[in-house]
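Numbering-wise (the numbering used here), the sequence shown opens with residue 3 and increments by one. Each residue gets a CB set at the ideal place from its N, CA and C atoms; glycine is no exception. Notes for the one structure printed next.
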Amino acid sequence: MNKNKKGFKLFLIFPVIAFGLGTWQVYRYDWKKKLIQRAKDRMEEDPIELSNSFIKNFKGSNFGDLNKYEFRRVYLNGKVIDNQYVLLGPRSIDGTLGYYVISPLQLSDGTRILLNRGWSASTPKSNYKIPYAIEELKLIHQKEQQQQQQGLINQESILYRYFNILGVISKTKERGSAFTPMNQPDKGQWYSLDVDAMADQLNTEPLMINTMDETEINSKPSSLPNPQFKRFDNDVESSFHNKHMSYIGTWYTLSASLFFIYFRYMRKLPK
């Protein structure tokens, strides 16, 4: 057998590897389907109150039991410290770039957790790096500072806004795609979700609630409307990076193509 013939035999390694990777993606797809179904089942359960004692139980396990409650709907209230935030993104929705705005939420006992208030489109004048919601919050604070000077409201009303919130317990981390850049917290750039790191940045517990609905408790007739966010809904699948079917097709197609090339053109070569 000449060297070329031996090399063609070795060529068989590549379609075999591609077939193995396709089969591995089949198992991954099945695992992801079960994960999504489990999340859907949790979303259909009645919401529970996210009380101070409930969070203390999480603290007792260093939030190690949190994954048991991911995608469980909860209701709670507290004050949103909306002059502190991190921006997660950019993320495109319906062809428009924007960011998720995440701020601390302080509960009645002083415990602070993360609140993802939702997605807001970014402004052209900021080169699409600042969402409209942040600009709107700045206008709200400017007007409330004027109201404070007039003696209409106090300093706390400027910094804190109280809300009743219906939300869902968030995942703690997401990998993103192979092309997602690394987070750069020191530059305020968060490309993928990392609740632990965001909690360190905003000095909160490593627990995040994705807002489905919020109602301001202490709204004042003189205050501007709250910023508009695209809230979270019951579409659980959008929270998962699930492209395993396309990966399955890619690897199996590549494997079949390489097998075809070998059996059609290489196997019959003279020795």
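*asked:* Tell me whether the segment 98-118 and the segment 198-205 touch, counting them as touching only if at least three CB pairs, one residue from each stretch, are closer than 8 Å.
replied: The segment 98-118 is in contact with the segment 198-205.
*Are three or more beta carbon pairs between the segment 35-54 and the segment 250-259 nearer than 8 Å?*
Judged by Cβ distances under 8 Å, the segment 35-54 makes no contact with the segment 250-259, as fewer than three pairs qualify.
*How long is the line joining the alpha carbons of Trp26 and Asn85, rounded to whole angstroms?*
Trp26 and Asn85: Cα-Cα distance of roughly 46 Å.
*Following the continuous alpha helix (DSSP H) through Trp253, name the residue where it begins and the one where it ends.*
Its alpha helix (DSSP H) spans residues 246-263.
*asked:* For a test of the three-state rule: what should DSSP assign to Ile104, helix, strand or coil?
replied: In the structure shown, Ile104 adopts extended strand secondary structure according to DSSP, grouped into three states.
_Which of the three DSSP states is assigned to Thr25 in this structure?_
Three-state DSSP puts Thr25 in a helix.
*Is Val170 closer than 8 Å to Asn212 when the C-beta atoms are compared?*
Their beta carbons are under 8 Å apart, which means Asn212 touches Val170 by this criterion.
*Does the beta-carbon of Gly153 have 16 or more other beta-carbons within 10 angstroms, so that it is buried, or is it exposed?*
With fewer than 16 other Cβ atoms within 10 Å, it is exposed.
*Could you say which of Ile15, Tyr87, Glu72 lies nearest to Trp192 if we only look at CA atoms?*
Nearest C-alpha to Trp192: Tyr87.
*With which residues is Phe165 paired in a DSSP beta bridge?*
Paired residues: Gly80, Glu218.
*Going by the CB atoms, is the gap between Gly100 and Ser128 shorter than 8 Å?*
Against a cut-off of 8 Å, the Cβ pair of Gly100 and Ser128 comes out as no contact.
*Which residues in the same chain as Gly80 place their Cβ atom closer than 6 Å to its Cβ, once the five residues preceding and following it in sequence are excluded?*
Leu107, Gln108, Leu109.
*asked:* Let me check one thing: in DSSP terms, what residues is Ala123 bridge-paired to?
replied: In the DSSP output, where bridge partners are listed per residue, Ala123 has Gly100.
*What number of angstroms, rounded off, separates the C-alpha of Asp215 from the C-alpha of Gln39?*
Approximately 23 Å, taken between the alpha carbons.
_Buried versus exposed call for Gly22 [16 or more other C-beta atoms within 10 Å across all chains shown]_ = Taking a 10 Å sphere around the C-beta of Gly22, we find fewer than 16 other C-beta atoms and assign the residue as exposed.
*Where does Asn129 fall in DSSP's three states?*
The answer is coil: DSSP assigns Asn129 none of H, G, I, E or B.
*Any heavy atom of the ligand NAP closer than 7 Å to the CB of Gln203?*
No copy of the ligand NAP appears in this structure; indeed no ligand is present at all.
*Report the three-state DSSP secondary structure of Glu1 (helix, strand or coil).*
Examination of residue 1 is not possible in this model, given that the chain is present from 3 through 273 alone.
*Mind checking which residues open and close the beta strand (DSSP E) that includes Leu139?*
It is not in any beta strand (DSSP E) - Leu139 instead sits in the alpha helix (DSSP H) that spans 134-151.
_Can you look up Ser224 in the DSSP assignment and give me helix, strand or coil?_
Its pLDDT being 46, under 50, Ser224 is placed unreliably in this model, and the value from its coordinates should be taken loosely. In this structure, Ser224 counts as coil in the three-state DSSP scheme.
*Mind checking whether Ile167 and Tyr77 have CB atoms under 8 Å apart?*
Contact: yes.
_Cβ neighbour criterion (16 or more within 10 Å) applied to Asn185_ = Buried is the call here.
_Cβ distance (whole Å) where Asn244 is taken to contact Lys34 below 8 Å_ = So it is a contact: roughly 5 Å between Cβ atoms.
_Here's the rule I'm using: 16 or more other beta-carbon atoms within 10 Å means buried, otherwise exposed. How should Ile104 be labelled?_
Result: buried.
_Given this structure, state the Cα-to-Cα distance separating Ser224 from Asp67, to the nearest angstrom._
Model confidence at Ser224 stands at a pLDDT of 46, short of 50, so the residue's coordinates are unreliable; what they give is reported in the following sentence. Cα-Cα distance, rounded: 43 Å.
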